[in-house]
Amino acid sequence: MADIARAYSDILNKFSVLGAGWVQFDEPALCMDLSEEDIVLFSKIYERILSEKKNTKVLLQTYFGDIRDCYNKVVTMPFDGIGLDFVEGKKTLELVKSFGFSENKTLFAGVVNGKNIWRNNYSNTVNLIRELGEYCNEIVLSTSCSLIHVPYTLKNESSLFQEYKKHLAFAEEKLTELSELKKNTIMQRSCFNGGIC
């Protein structure tokens, strides 16, 4: 494991030299059942990696569930941003409300489903975002996971009835949803406690 940590810290250092603003590490395994040994190992590896981040900000991205077994540890580590899944993460909101979120970190809130093809329920999602604003200083709206699981765009689906299409959102449409959710949230609460990106 020391070799892996060293290799990634070297890569991160090179990104810093090149002037990269952000580097993302995907760790969906954190949403699985973890033992204390797993959490200790994760901490040791990333403490070594993060020691080389310098001016480059590091995002820890999780998805396909919640990180209930390691939430308290993760939010104390020197990541600049943490991505949490609010779609499949059954306890994600509860974790944020119960244990808080670091004021010097950015929450990348996975609020648009990245796995299915259905449109987002804006009303429910805006309420969720507003609730998160009470616990987080800065929020970036994101999909719950990568959009590789859905088709590219509805624009090419000429054979689908319009009645069907109005209920669907593929990758491109989900990005539009994120933009519209940001606008809707800001309009509904101009005094939002923190920034939304």
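Just so you know, we're using our numbering here: the sequence shown kicks off at 2 and counts up by one. Don't be surprised by glycine CBs; every beta carbon is placed ideally from N, CA and C.
Reference residue i, options the options, closest by Cα
| i | options | result |
| --- | --- | --- |
| GLY1 | ASP34, GLU53, CYS146 and ALA170 | The structure shown does not extend to residue 1, since the chain is modelled only from 2 through 198, so no value can be given for it. |
| VAL97 | ASP81, VAL75 and PHE26 | VAL75 |
| SER143 | PHE87, ARG69 and LYS156 | PHE87 |
| GLY90 | ASN114, GLY101 and ASN73 | ASN114 |
| LEU60 | ASP27, ILE12 and LEU182 | ASP27 |
| CYS137 | TYR123, THR154 and PHE102 | PHE102 |
| LEU72 | GLN163, PHE65 and SER99 | The question names Leu, yet the displayed sequence has Tyr at residue 72. If we check each option's Cα against that of TYR72, SER99 comes out closest. |
| LEU133 | PRO152, ILE149, TYR123 and VAL112 | VAL112 |
| LYS183 | ARG69, LEU129 and TYR153 | LEU129 |
| ASP70 | MET78, THR57, LYS92 and ASN56 | LYS92 |
Length of the line joining the Cα atoms of residue i and residue j
| i | j | result |
| --- | --- | --- |
| ASN14 | MET33 | 29 Å |
| LYS166 | ARG120 | 10 Å |
| HIS168 | THR63 | 27 Å |
| ASN185 | VAL127 | 7 Å |
| LEU108 | VAL141 | 6 Å |
| MET2 | SER160 | 52 Å |
| ALA6 | ILE50 | 6 Å |
| SER17 | TYR47 | 16 Å |
| ASP4 | GLU158 | 48 Å |
| ILE118 | VAL24 | 28 Å |
| LEU179 | ILE187 | 12 Å |
| PHE80 | THR177 | 28 Å |
| ILE1 | GLY82 | The structure shown has nothing for residue 1, since the chain only spans 2 to 198. |
| ALA8 | GLU53 | 11 Å |
| ARG131 | ALA110 | 12 Å |
| GLU173 | GLU181 | 13 Å |
| LEU31 | GLU95 | 17 Å |
| THR57 | GLU139 | 18 Å |
| THR77 | ASP67 | 17 Å |
| HIS150 | TYR123 | 21 Å |
Range of the contiguous beta strand (DSSP E) that encloses residue i
| i | result |
| --- | --- |
| SER103 | Neither: SER103 is in no beta strand (DSSP E) and is coded neither H nor E. |
| LEU142 | 139 to 144 |
Chain D contact for residue i (CB, 9 Å cutoff)
| i | result |
| --- | --- |
| GLU104 | This model lacks chain D altogether, as it is built from one protein chain only. |
Those residues which DSSP pairs with residue i across a bridge
| i | result |
| --- | --- |
| ASP27 | GLN62 |
Segment limits, alpha helix (DSSP H) that includes residue i
| i | result |
| --- | --- |
| ALA8 | 3 to 19 |
Unbroken stretches of the beta strand (DSSP E), 3 residues or longer, contained in the region 29 to 96: 58 to 62 and 82 to 86
Residue ranges of each beta strand (DSSP E) within the region 106 to 177, 3 or longer: 107 to 113 and 139 to 144
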